[in-house]
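*Asks:* Please see the structure below; I have some questions.
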Ligand code: NAD
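Next comes the structure, spelled out in structure tokens:
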């Protein structure tokens, strides 16, 4: 085991102390690049979940009364700690999630920035006073922390999906229980420890990894002390949590699945579009909710676009992220690889042309080759699925209306990308697409200062920007006469 991994506490972090699971259960964490077990982590039980909620509840009054500036300074120190310990954290992320070194470093810069941004936003929960139209009273509207918050995160960005929730929650004055994905609990445990070192009082941030996510999260959502659930993960699980949250009428934020169209019009700068496509598809090896999932290209340039994209995809170096020269790591686990391979094979047998890739290389680890499929039929089942891997299917269209219709032919509405050399043309298309985030002539869209979230079945609420802070606040109106 590497020194960095060996030093991470592997018990549950509850109320400022490290504890084994109440029934002693543990689970293994694997390195997707080798399949090897790299750590064993305590698996929280329903009882532990209740203890974590109790700890968050006990710390709540003092934390909400802590001056916003002081709360912000905890986040600012946590930001600095991530920057100072970036290589150490990158190793943990690479080893448990399999991503490339460059992607891990990129994720950490992004993750840290949520702490810095919300460290600044902590002092901006600004309300207002106005005279009522009838002149009989003042309307005072002020924001208050929503209360104990349950945060549930996925494995694909083990640090960023946690800091994107912890940052605004702590800034708003909420205490939290974080349930990280069981594929990647180590980064979350280390981040929890770093927040304590940055000055978060005991109980403000509790971290409970668990293999029993249904039981732990379900128990917390039924606990009347909990007031909020913020979830990032699949639409399927999000839908289930919304049903559970309905019992206590919990405040809900949902960052769910995507099926992003990447639209290239005939008037686009094709080389820029290919460059953007590489970022939109291959950031995080394709394992991103905003990954370009369907390339919709005008038929006058579809063949050339596909060929150029295949050249660049074919040039990527596949291998373990701990070798910094590799561009693409393995996918998260064997099941994910089988699913991706199955989708590609089905598409190829349905008539799509495999321009590059299309195979699982032999040897250890859950690798899948960067793949480009051209001439994909618009009814191909592949286009209805979130691929979550290094596969780019290209479909052509012949008119703007057809492009928009294809782009919107999904229940998801998280991200979309549009390439056009004519700004007005591009903006019209952006506005016609039902997606919460649109990249116009850009493949990289994420920014802590921008509101991130989906329309349709991709979610509820926004993370990042001032909107992200409001997700952890509720408004109280006082009707005042004086
Ligand atoms: P997932 O839904 O399987 O798991 C997400 C989290 O929910 C994990 O912590 C998991 O342990 C937990 N969970 C699973 N079953 C549960 C249950 N029955 N009750 C309570 N909790 C449960 O998703 P994943 O495979 O970890 O992540 C991939 C998905 O996340 C993709 O669909 C991706 O698009 C989505 N995602 C969305 C965003 C976004 O911002 N919209 C960002 C990253 C990932």
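Numbering (the numbering used here), first residue to last: -3 to 478. The beta carbon of each residue, even a glycine, is placed where N, CA and C say it ideally should be.
On the premise that residue 382 lies in contact with residue 280, defined as a C-beta separation below 8 Å, what is that separation, rounded to the nearest angstrom?
*Replies:* At roughly 13 Å, the Cβ-Cβ gap does not stay under 8 Å, so residue 280 and residue 382 are not in contact.
*Asks:* Does the beta-carbon distance from residue 342 to residue 312 come in below 8 Å?
*Replies:* Not in contact: residue 342 and residue 312 (Cβ atoms no closer than 8 Å).
*Asks:* Is there at least one non-hydrogen atom of the ligand NAD closer than 7 Å to the beta-carbon of residue 175?
*Replies:* True, at least one ligand heavy atom lies under 7 Å from that Cβ.
*Asks:* So residue 275 is in the alpha helix (DSSP H); what residue range does that whole segment cover?
*Replies:* Its alpha helix (DSSP H) spans residues 266 to 278.
*Asks:* Short of 8 Å in beta carbon distance, which residues of its chain neighbour residue 71, apart from the five on each side in sequence? Order them along the chain.
*Replies:* Same-chain partners within the cutoff: 111, 112, 114, 115, 118, 163, 166, 167 and 194.
*Asks:* In this structure, does DSSP put residue 11 in helix, strand or coil?
*Replies:* Coil, per DSSP.
*Asks:* How is residue 415 classed by DSSP in three states: helix, strand or coil?
*Replies:* Looking at residue 415 - three-state DSSP - the assignment turns out to be strand.
*Asks:* If you draw a straight line from the C-alpha of residue 262 to the C-alpha of residue 86, how long is it?
*Replies:* Cα-Cα distance, rounded: 40 Å.
*Asks:* Return the residue from the list 268, 74, 325 and 391 that minimises the CA-CA distance to residue 296.
*Replies:* The option with the nearest alpha carbon to residue 296 is 391.
*Asks:* Could you tell me which of 253, 276 and 389 sits nearest to residue 347, measuring between CA atoms?
*Replies:* The option with the nearest alpha carbon to residue 347 is 389.
*Asks:* Output needed for residue 205: all residues of its chain with C-beta closer than 6 Å, excluding positions within five of it in sequence on either side, in chain order.
*Replies:* Contacts found: 37, 176 and 181.
*Asks:* Using only alpha-carbon positions, find the residue among 82, 269, 472 and 200 that is nearest to residue 60.
*Replies:* Closest by alpha carbon: 200.
*Asks:* With a threshold of 8 Å, are at least 3 pairs of Cβ atoms found where one atom belongs to the region 184 to 194 and the other to the region 210 to 226?
*Replies:* Taking 8 Å as the limit for Cβ pairs, the verdict is that the region 210 to 226 does not touch the region 184 to 194.
*Asks:* Can you tell which of 421, 354, 89 and 20 has the C-alpha that lies nearest to the C-alpha of residue 310?
*Replies:* If we check each option's Cα against that of residue 310, 354 comes out closest.
*Asks:* I'd like to know if the region 74 to 84 and the region 417 to 434 are in contact, where contact means that at least 3 CB-CB pairs between them fall below 8 Å.
*Replies:* Verdict: no, contact absent.
*Asks:* Provide the residue span of the alpha helix (DSSP H) that contains residue 318, from first to last.
*Replies:* Note, residue 318: premise wrong, no alpha helix (DSSP H); not H, not E.
*Asks:* Under a Cβ-count criterion, where at least 16 other Cβ atoms within 10 Å of its own Cβ denotes burial, should residue 453 be classed as buried or exposed?
*Replies:* The residue is buried, with at least 16 neighbouring Cβ atoms inside 10 Å.
*Asks:* Within the continuous alpha helix (DSSP H) that includes residue 237, where are the two ends?
*Replies:* Unbroken alpha helix (DSSP H) run through residue 237: 231 to 241.
*Asks:* Closest to residue 282 by CA distance: which of 269, 153, 314 and 387 is it?
*Replies:* Looking at the Cα atoms, 387 is the closest of the given residues.
*Asks:* Grab the span of the alpha helix (DSSP H) containing residue 68 for me, first residue to last.
*Replies:* Per DSSP, residue 68 belongs to the alpha helix (DSSP H) from 64 to 80.
*Asks:* Expressed to the nearest angstrom, what Euclidean distance is found between the alpha-carbon atoms of residue 291 and residue 158?
*Replies:* Taking the straight line joining both Cα atoms gives about 30 Å.
*Asks:* Run the CB neighbour count on residue 366, radius 10 Å, all protein chains shown included, and call it buried at 16 or more, exposed below.
*Replies:* Counting Cβ neighbours within 10 Å, residue 366 comes out buried, since at least 16 surround it.
*Asks:* How would you call residue 478, buried or exposed, if buried means at least 16 neighbouring beta carbons within 10 angstroms?
*Replies:* When all chains shown are included, residue 478 counts as exposed.
*Asks:* Skipping 5 residues on each side, what residues in its chain have a beta carbon closer than 8 Å to that of residue 30?
*Replies:* Excluding positions up to five away in sequence, the list reads 316, 360 and 361.
*Asks:* Check whether chain C comes within 8 Å of residue 169, counting only Cβ atoms and requiring the distance to be less than that.
*Replies:* Protein chains in the displayed structure number just one, and chain C is not present.
*Asks:* For the ligand NAD, I want to know if residue 251 counts as a neighbour, meaning its beta carbon is within less than 7 Å of at least one of the ligand's heavy atoms.
*Replies:* Indeed, a heavy atom of the ligand NAD lies less than 7 Å from the Cβ.
*Asks:* At a cut-off of 7 Å, is residue 236 close to the ligand NAD when judged by its beta-carbon and the heavy atoms of the ligand?
*Replies:* True, at least one ligand heavy atom lies under 7 Å from that Cβ.
*Asks:* Going straight from the alpha carbon of residue 244 to that of residue 238, what length do you get?
*Replies:* Whole-angstrom Cα-Cα distance: 11 Å.
*Asks:* With C-beta atoms as the reference, is residue 146 less than 8 Å away from residue 229?
*Replies:* For residue 146 and residue 229, no; Cβs fall outside 8 Å.
*Asks:* I'd like the span of the alpha helix (DSSP H) that includes residue 471, first residue to last.
*Replies:* No alpha helix (DSSP H) contains residue 471, which is instead part of the beta strand (DSSP E) from 469 to 476.
*Asks:* Among the candidates 169, 265 and 267, whose CA atom is the shortest distance from the CA of residue 58?
*Replies:* The residue with the shortest Cα to Cα distance from residue 58 is 169.
*Asks:* Give the DSSP bridge partners of residue 257, in chain order.
*Replies:* DSSP, once it has assigned bridges, lists 290 as partnering residue 257.
*Asks:* Run through DSSP, which three-state label would residue 133 get?
*Replies:* Coil, per DSSP.
*Asks:* I'd like the span of the beta strand (DSSP E) that includes residue 390, first residue to last.
*Replies:* From DSSP, the beta strand (DSSP E) with residue 390 extends over 387 to 393.
*Asks:* Quick test of your reading: residue 8 and residue 203, contact by CB under 8 Å. State the CB separation rounded to the nearest angstrom.
*Replies:* Contact flag correct, Cβ pair sits at about 7 Å.
*Asks:* Touch check for the region 90 to 103 and the region 38 to 50: three-plus C-beta pairs under 8 Å?
*Replies:* Flag = no, the region 90 to 103 and the region 38 to 50 do not touch.
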